[in-house]
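Worksheet: one structure, shown below.
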Amino acid sequence: MSFKGPLISIEDDEDDQYLIARIIEALAIPNELLFFSNGEEALRYLETTSEQPFLILCDINMPIMDGLELRKRINKSDYLRKKSIPFVYLTTAASPELVRIAYDETVQGFHKKAAQYADFQEQIELIIKYWQNCLHPNSEV
């Protein structure tokens, strides 16, 4: 895992992008924050970058390519699978069926976006702290 790599947010809602950016700033997270408004843009970036992203926070319902299809495409790519980028859904779309589908694609987390700013900030902080302290195949042990 790259602690220095960019934090990827795949989110089509500009208000949520703004909130996520403010939260990352308030938490003093030093990683570059990159936004993509759909899965296709994010996939194109992930397939062509040599960087090792720190974490992907992904919405589900987006135009062009949704978050579920993006995860499937990442899993089908040897190059991207070997990067072992933590992939966490952060979405308003939550149902038992969506959670099951997400975990069938080996997602590393599924969070329903909190409605209140303070709760949303706490969610993001907990996700980031978890991955800052978690070992996985690309960790330097």
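In my numbering, the protein residues as written are 1043 to 1183. All C-beta atoms, glycine included, are put in the ideal place defined by N, C-alpha and C.
| Asked | Found |
| --- | --- |
| How would you write the range of the alpha helix (DSSP H) that Gly-1081 sits in, first residue to last? | 1081-1090 |
| Is the distance from the Cβ of Ala-1144 to the Cβ of Arg-1113 below 9 Å? | yes |
| Look at the Cβ atom of Asp-1161, then the Cβ atom of Asn-1103, and state whether they are nearer than 9 Å. | no |
| Ignoring anything shorter than 3 residues or poking outside the region 1088-1163, list the beta strand (DSSP E) runs there in chain order. | 1097-1100, 1129-1133, 1151-1154 |
| Tell me whether Leu-1168 sits in a helix, a strand or coil according to DSSP, three-state version. | helix |
| Is it the case that the Cβ atoms of Leu-1097 and Ile-1050 are separated by a distance below 9 Å? | yes |
| Report the rounded CA-to-CA distance for Leu-1076 versus Ile-1127, giving the unit in angstroms. | 14 Å |
| Have a look at Val-1149 and Pro-1138 and give me their C-alpha separation to the nearest angstrom. | 14 Å |
| Opposite Ile-1050 in the DSSP bridges: which residues? | Leu-1076, Ile-1098 |
| Would DSSP call Ile-1071 helix, strand or coil? | coil |
| Look at Leu-1069 and Ile-1116 and say whether their C-beta atoms are less than 9 Å apart. | no |
| Starting from the C-beta of Ile-1066, find all residues in its chain whose C-beta is less than 6 Å away, skip the five residues before and the five after it, and write them out in chain order. | Leu-1075 |
| Roughly how many whole angstroms lie between the Cα atoms of Met-1043 and Ala-1157? | Its pLDDT being 42, under 50, Met-1043 is placed unreliably by the model, and the measurement read from it follows with that caveat. Met-1043 and Ala-1157: Cα-Cα distance of roughly 30 Å. |
| For Phe-1129 and Tyr-1159, what's the separation of their Cα atoms in angstroms? | 22 Å |
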